[in-house]
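As structure tokens, the structure follows; a few thoughts come after it.
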Amino acid sequence: MSEAPAAPRTASAERTGPVSLLLTPPQPRSGWRLLPARVVAMCAVELQKLRHDRTELYTRAIQPALWLLIFGQTFTRIRAIPTGGIPYIDYLAPGIIAQSAMFIAIFYGIQIIWERDAGVLNKLLVTPTPRSALITGKAFAAGVKSLIQAVVVIVIAAVLGVSLTWNPLKLLGVGLAVVLASAFFSCLSMSIAGIVLSRDRLMGIGQAITMPLFFASNALYPVAIMPGWLQVVSKVNPLSYQVDALRGLLLGTPAHLGLDFAVLAVAAALGITAASSLLGRLAR
């Protein structure tokens, strides 16, 4: 007596089990999940470069240490700048955190020009990754690098006796302010790179704008003692809002945190938009 034929396997049965995972490719992310996934991937790629060369993190710690050790301690003894009753080195520390983060981010465009010359940028642009995701990933990678630099400056300031808060929530706010400001300055650099298309020109422009941005902020002295025209410049300088937020969070001085973070977030968004629109010029 012959055996009854086996029942055919249903389509649902064929699609289940570990073998089907090997035969059927995973569904790509779509919709709202696509952009965050690409941003995280680009940010991770950028941060992988730190594994191969950490020299930048060590050498960039020298300048903020000198600002705090020499400039900060000297002007603390002179007491020539009104700081609201706090030691000048304490007043200076948040400004140096902002300065060191800006110096890392403002030359980020040099890297994207190098990627263009090496052919890496063209390969990235032909992938399905949106240009905004590429720029955002690079911007927030610059923010993470700046955050590492900020931690180094905070440790140096603590060793020098600066009275900083160690409240975890306030330190998270410090990290957010550093990342947002660094995202803006890195996008500013990449936007300039999309205009000048040359590393030498970008280096010259970067050096020309970093110190004016620094001195036209409240990093070294209060806005109230500036000349009138410089106060106007300071009010449109995102670095001033970053320093105000850092002082309010780290030292507990009066600050406009809501306004500070709103300005930094809007500046970062505008920077990403501008850099994304100019990215195509680098690939021509």
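Taking my numbering as reference, the numbering of the sequence shown is continuous, increasing by one, and the terminal residue is 284. The C-beta atom is built at its ideal place from N, Cα and C for all residues, glycine as well. Note that the structure is a prediction, hence the values are computed from the model and not measured.
Skipping 5 residues on each side, what residues in its chain have a beta carbon closer than 7 Å to that of residue 122? Locating residue 122 in the sequence shown gives position 122, where the first residue counts as 1. 283.
Of all the options 268, 279, 230 and 277, which has the alpha carbon lying nearest to the alpha carbon of residue 143? Position 143 of the sequence shown, counted from the first residue, corresponds to residue 143. Answer by Cα proximity: 268.
In terms of residues, what are the limits of the alpha helix (DSSP H) holding residue 82? Position 82 of the sequence shown, counted from the first residue, corresponds to residue 82. Taken as a continuous stretch (DSSP letters only), residue 82 belongs to no alpha helix (DSSP H), as it is neither H nor E.
Given a cut-off of 8 Å, decide if residue 245 and residue 177 are closer than it, judged by their beta-carbon atoms. Indexing the sequence shown from 1 puts residue 177 at position 177. Indexing the sequence shown from 1 puts residue 245 at position 245. Yes, they are a contact pair.
Contact set for residue 157: own chain, Cβ-Cβ below 7 Å, skip 5 residues either direction: Position 157 of the sequence shown holds residue 157. Within the same chain, residue 157 has close Cβ partners 68, 93 and 164.
How do the stretch 178–190 and the stretch 133–152 stand: do at least 3 beta-carbon pairs fall below 8 Å, yes or no? yes
Following the continuous alpha helix (DSSP H) through residue 122, name the residue where it begins and the one where it ends. The residue you call residue 122 lines up with position 122 of the sequence shown. 120–125 is the extent of the alpha helix (DSSP H) around residue 122.
Option in 205, 91, 59 and 63 with minimal Cα separation from residue 254: Indexing the sequence shown from 1 puts residue 254 at position 254. With distances taken between Cα atoms, residue 254 lies closest to 91.
Measuring straight from C-alpha to C-alpha, what distance separates residue 25 and residue 40? Taking the sequence shown and counting its residues from 1, one reaches residue 25 at position 25. Taking the sequence shown and counting its residues from 1, one reaches residue 40 at position 40. Reliability fails at residue 25, whose pLDDT of 48 lies under 50, so the model's placement of it is uncertain and no value is given.
Using a Cβ distance threshold of 8 Å, determine whether the stretch 81–91 contacts the stretch 200–211, with at least three qualifying pairs required. no
Neighbourhood of residue 116 by C-beta, 8 Å cutoff - its chain only, sequence neighbours within 5 removed: Here residue 116 is taken as the residue at index 116 of the sequence shown, counted from 1. These residues qualify, in order along the chain: 122, 282 and 283.
Residue span of the alpha helix (DSSP H) that contains residue 165, given as start and end: In the sequence shown, the residue the question calls residue 165 occupies position 165. Note, residue 165: premise wrong, no alpha helix (DSSP H); not H, not E.
Separation of residue 180 from residue 265, as counted between CA atoms: Walking along the sequence shown from the start, residue 265 turns up at place 265. Walking along the sequence shown from the start, residue 180 turns up at place 180. Rounded to whole angstroms, residue 265 to residue 180 spans 6 Å at the Cα level.
How far does the alpha helix (DSSP H) with residue 279 in it extend, from its first residue to its last? Start at 1 with the first residue of the sequence shown, and residue 279 comes out as number 279. It spans 257–282 - the alpha helix (DSSP H) in which residue 279 sits, taken as one unbroken run.
Tell me whether the beta-carbon of residue 217 lies closer than 8 Å to the beta-carbon of residue 239. Numbered from 1 along the sequence shown, position 217 holds the residue referred to as residue 217. Numbered from 1 along the sequence shown, position 239 holds the residue referred to as residue 239. For residue 217 and residue 239, yes; Cβs fall inside 8 Å.
With 16 as the cutoff for other CB atoms within 10 Å, does residue 227 come out buried or exposed? Here residue 227 refers to the residue found at position 227 of the sequence shown. With fewer than 16 Cβ atoms within 10 Å of its Cβ, residue 227 is classed as exposed.
In the DSSP assignment, find the unbroken alpha helix (DSSP H) run with residue 203 in it and report its ends. The residue given as residue 203 occupies position 203 in the sequence shown. Taken as a continuous stretch (DSSP letters only), the alpha helix (DSSP H) holding residue 203 covers 199–215.
Residue 64, enclosing alpha helix (DSSP H) - first and last residue: Within the sequence shown, the letter at position 64 stands for residue 64. 62–66 is the span of the alpha helix (DSSP H), which, as asked, contains residue 64.
Can you give the Cα-Cα distance for residue 247 and residue 235, rounded to whole angstroms? Against the sequence shown, residue 247 aligns to sequence position 247. Against the sequence shown, residue 235 aligns to sequence position 235. Rounded to whole angstroms, residue 247 to residue 235 spans 16 Å at the Cα level.
Residue 125 versus residue 101: straight-line alpha-carbon distance, rounded: Indexing the sequence shown from 1 puts residue 125 at position 125. Indexing the sequence shown from 1 puts residue 101 at position 101. Each residue's alpha carbon lies about 28 Å from the other.
Tell whether a beta-carbon distance below 8 Å holds between residue 133 and residue 190. The sequence position of residue 133 within the sequence shown is 133, counting from 1. The sequence position of residue 190 within the sequence shown is 190, counting from 1. Not a contact, by the Cβ cut-off of 8 Å.
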